[in-house]
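Asker: Let me begin by handing over the structure; questions about it come next.
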Amino acid sequence: MGRFKCSLLFVDDEPALAQLARGLLATDYDLRCVESAEEAQLLLARHDIDVIVSDQQLPGLQGIPFLEWCREHSPRSVRILMTGAYSMDDAVEAINSGLAQRFLFKPWRPEQLVALIRNSARTFLLERSHENLLDELRRLNLELEERVADRTRELEHSNRQLESRNLMLQKMALTDALTGMPNRRAMDRLAKTEVLRRARMPAPLAVGLVDADLFKDINTRYLLSGGDHVLAWLSQTLLNSVRTIDTVGRVGGEEFMIVAPDTDLEGATILAERVRRTVEMSATEYNGETIKLTVSVGMAIAEPETLVGFDQLRHAAAAALSEAKQTGRNRSIVKKLSNLAGPSSE
2 MGRFKCSLLF VDDEPALAQL ARGLLATDYD LRCVESAEEA QLLLARHDID VIVSDQQLPG
62 LQGIPFLEWC REHSPRSVRI LMTGAYSMDD AVEAINSGLA QRFLFKPWRP EQLVALIRNS
122 ARTFLLERSH ENLLDELRRL NLELEERVAD RTRELEHSNR QLESRNLMLQ KMALTDALTG
182 MPNRRAMDRL AKTEVLRRAR MPAPLAVGLV DADLFKDINT RYLLSGGDHV LAWLSQTLLN
242 SVRTIDTVGR VGGEEFMIVA PDTDLEGATI LAERVRRTVE MSATEYNGET IKLTVSVGMA
302 IAEPETLVGF DQLRHAAAAA LSEAKQTGRN RSIVKKLSNL AGPSSE
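Those letters in the sequence shown? Residues 2 to 347, by the working numbering.
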């Protein structure tokens, strides 16, 4: 998932907005811009598109009928409707009827567009990962069912295996219920996959741990419901502070993990500090009160030539996080792993 670029189709007949979208999105996405729904339909007939952003006011076929066409002809695409605030009722109706999954009011700010596309791309990638896992489990179940048919004298034993596989399928939850993020199981699985990938194709890899400072005080003052609100807000803040190729997940009560492929020491240092500062500069509202929070960040990085396993990376990141906590909190510490001496502070 680290090197995959989502494909993005931007449909708007205003050249200035299309040019602005290119400047904001072309680096991180396989971006295509067209001026009409008809052009978009021709393109979708030739290419699979992951995320579709369409203005409501278009020449010819309008945005909502176009998204209805997209739902039929490109059902896996994430559909986003851009509309003026005066068309609120149309946007709500499009969301409720399933024609659009998200909407963006015009005029939009650049950061709004970037954040919306980033979250939509992550949703698409996570859903694709889940689908692949389910397909693999279904394949295993099918093989097992064929064995049951061929080996009737072992029917009872094989049926128990089939029941066990079905139970595993039901319990294989990869999403944290509170935040909607990948959970610990999903993050461990992703990180181990990245470690195996870099064993075949050497590349730098960074793994980070982020912990909310003095979170017990939040729970004490605002109770568990307030704590849950802050965790949900913090998860979105962390998502908005990392790159598209990075993945953030909740791995504990108030602890989060970042897996950052193709990230060297300089990149990890910039990323860790950006995460810390983004949280420090942000705030959320709960029951009429403004709540601010800081986080401590510990990050471990393995350069391309460093032989390292996931457990070593996680242990080094935990040590860096502990150091950040012990030296005053609201800090970011990055450690580089070496083949001989283990992690070293940078």
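Every residue, glycine too, gets a C-beta built ideally from N, C-alpha and C.
Just so we're clear, the structure is a prediction, and the values are computed from it rather than from any experiment.
In the structure shown, what three-state DSSP assignment does Asp91 receive?
Answerer: It is helical.
Asker: Measuring CA to CA, which of Glu40, Leu62, His74 is closest to Asp51?
Answerer: Closest option to Asp51, Cα to Cα, is His74.
Asker: Helix, strand or coil: how does DSSP classify Tyr223 here?
Answerer: Reduced to three states, the DSSP call for Tyr223 is helix.
Asker: With contact counted as at least three CB pairs below 8 Å, one residue from each stretch, are the segment 272–279 and the segment 213–229 in contact?
Answerer: No contact exists between the segment 272–279 and the segment 213–229.
Asker: Name the residue from Ala319, Ala233, Leu26 whose alpha carbon lies nearest to the alpha carbon of Ala122.
Answerer: The option with the nearest alpha carbon to Ala122 is Leu26.
Asker: Nearest by alpha-carbon distance to Ala301: which of Asp312, Leu294, Thr291, Thr295 is it?
Answerer: Ranking the options by Cα distance to Ala301, first place goes to Asp312.
Asker: If you count every other CB in all the chains shown that lies within 10 Å of the CB of Gln57, and 16 or more means buried, which is it?
Answerer: Counting Cβ neighbours within 10 Å, Gln57 comes out buried, since at least 16 surround it.
Asker: Of the choices Gln237, Gly299, Ala319, Val252, whose alpha-carbon is the least far from that of Leu266?
Answerer: Measuring from the Cα of Leu266, the nearest candidate turns out to be Gly299.
Asker: Apart from the five residues just before and just after Ala233, which ones in its own chain have a Cβ nearer than 7 Å to its Cβ?
Answerer: Once the five neighbours on either side are set aside, the close Cβ partners of Ala233 are Leu179, Thr180.
Asker: Touch check for the segment 205–216 and the segment 250–259: three-plus C-beta pairs under 8 Å?
Answerer: Segments in contact, yes.
Asker: With burial defined as no fewer than 16 other Cβ atoms inside 10 Å of the residue's Cβ, what is the status of Gly128: buried or exposed?
Answerer: At residue 128 the sequence reads Glu, which differs from the Gly that was named. Exposed.
Asker: To the nearest angstrom, report how far apart Thr238 and Gly329 are at their CA atoms.
Answerer: Cα-Cα distance, rounded: 22 Å.
Asker: Following the continuous beta strand (DSSP E) through Pro262, name the residue where it begins and the one where it ends.
Answerer: Looking at the DSSP string, the run of the beta strand (DSSP E) that includes Pro262 is 256–262.
Asker: Please classify Leu9: is it buried, with 16 or more other beta-carbons within 10 angstroms of its beta-carbon, or exposed?
Answerer: Flag for Leu9 reads buried.
Asker: In whole angstroms, give me the CA-to-CA distance for Pro66 and Asp31.
Answerer: Taking the straight line joining both Cα atoms gives about 25 Å.
Asker: Could you tell me if Val93 is buried or exposed, where buried requires 16 or more neighbouring beta carbons within 10 angstroms of its beta carbon?
Answerer: The residue in question, Val93, is exposed, as its Cβ has fewer than 16 Cβ neighbours within 10 Å.
Asker: Below 9 Å between beta carbons: does that hold for Arg103 and Ile81?
Answerer: Result yes, Cβ atoms of Arg103 and Ile81 sit closer than 9 Å.
Asker: Would you mind working out which of Pro203, Asp14, Leu126, Ser297 sits nearest Thr307, comparing C-alpha positions?
Answerer: It is Pro203 whose Cα lies nearest to the Cα of Thr307.
Asker: Per DSSP, what are the beta-bridge partners of Met83 in this structure?
Answerer: Note: Met83 sits in a beta bridge opposite Asp56, Leu105.
Asker: Using DSSP bridges, identify the partner residues of Asp212.
Answerer: Looking at the DSSP assignment, Asp212 forms a beta bridge with Glu256, Ser297.
Asker: Quick one: using the 10 Å Cβ neighbour count with 16 as the cut-off for buried, is Asp13 buried or exposed?
Answerer: By the neighbour-count rule (16 or more Cβ atoms within 10 Å), Asp13 is buried.
Asker: Let me know if Leu215 comes out buried or exposed under the rule of 16 or more other beta-carbons within 10 Å of its beta-carbon.
Answerer: It is exposed - the Cβ of Leu215 has fewer than 16 other Cβ atoms within 10 Å.
Asker: Could you pull out every residue in the same chain whose Cβ sits closer than 6 Å to the Cβ of Lys172, ignoring the five residues on either side in sequence?
Answerer: Low confidence applies here, because Lys172 scores a pLDDT of 46, under 50, leaving its location unreliable and the question unanswered by this model.
Asker: Is it buried or exposed for Pro60, if we count other Cβ within 10 angstroms and need 16 for buried?
Answerer: By the 10 Å Cβ count, Pro60 comes out exposed.
Asker: Taking just the CA atoms, how far does Pro16 sit from Ser37?
Answerer: Cα to Cα, Ser37 sits roughly 12 Å from Pro16.
Asker: For Ser1, which option in Arg277, Glu146, Leu197 has the closest C-alpha, if you only look at C-alpha atoms?
Answerer: As shown, the chain starts at 2 and ends at 347. That puts residue 1 outside it, with no answer to give.
Asker: Is it right to say Arg4 is buried, meaning 16 or more other beta carbons lie within 10 angstroms of its own, or is it exposed?
Answerer: Any reading at Arg4 needs caution, since the residue's pLDDT is 45, under 50, leaving its predicted position unreliable; the model's value is listed next. Exposed.
Asker: Whose C-beta lies closer than 6 Å to the C-beta of Ala303 among residues of the same chain, with five residues either side of it excluded?
Answerer: So the qualifying residues of the chain are Leu206, Val309, Leu338.
Asker: Cα-Cα, which of Asp177, Pro305, Glu290, Gly268 is closest to Glu255?
Answerer: Ranking Asp177, Pro305, Glu290, Gly268 by Cα distance to Glu255 puts Asp177 first.
Asker: DSSP three-state label for Arg23, please.
Answerer: Arg23 falls in the helix class under three-state DSSP.
Asker: Leaving out five residues on either side along the sequence, give the residues of the same chain with a beta carbon under 7 Å from the beta carbon of Leu62.
Answerer: These residues qualify, in order along the chain: Ala38, Glu39.
Asker: Looking at C-alpha atoms only, which residue of Cys7, Val243, Lys107 is the closest neighbour of Leu18?
Answerer: Checking every option, the nearest Cα to that of Leu18 belongs to Lys107.
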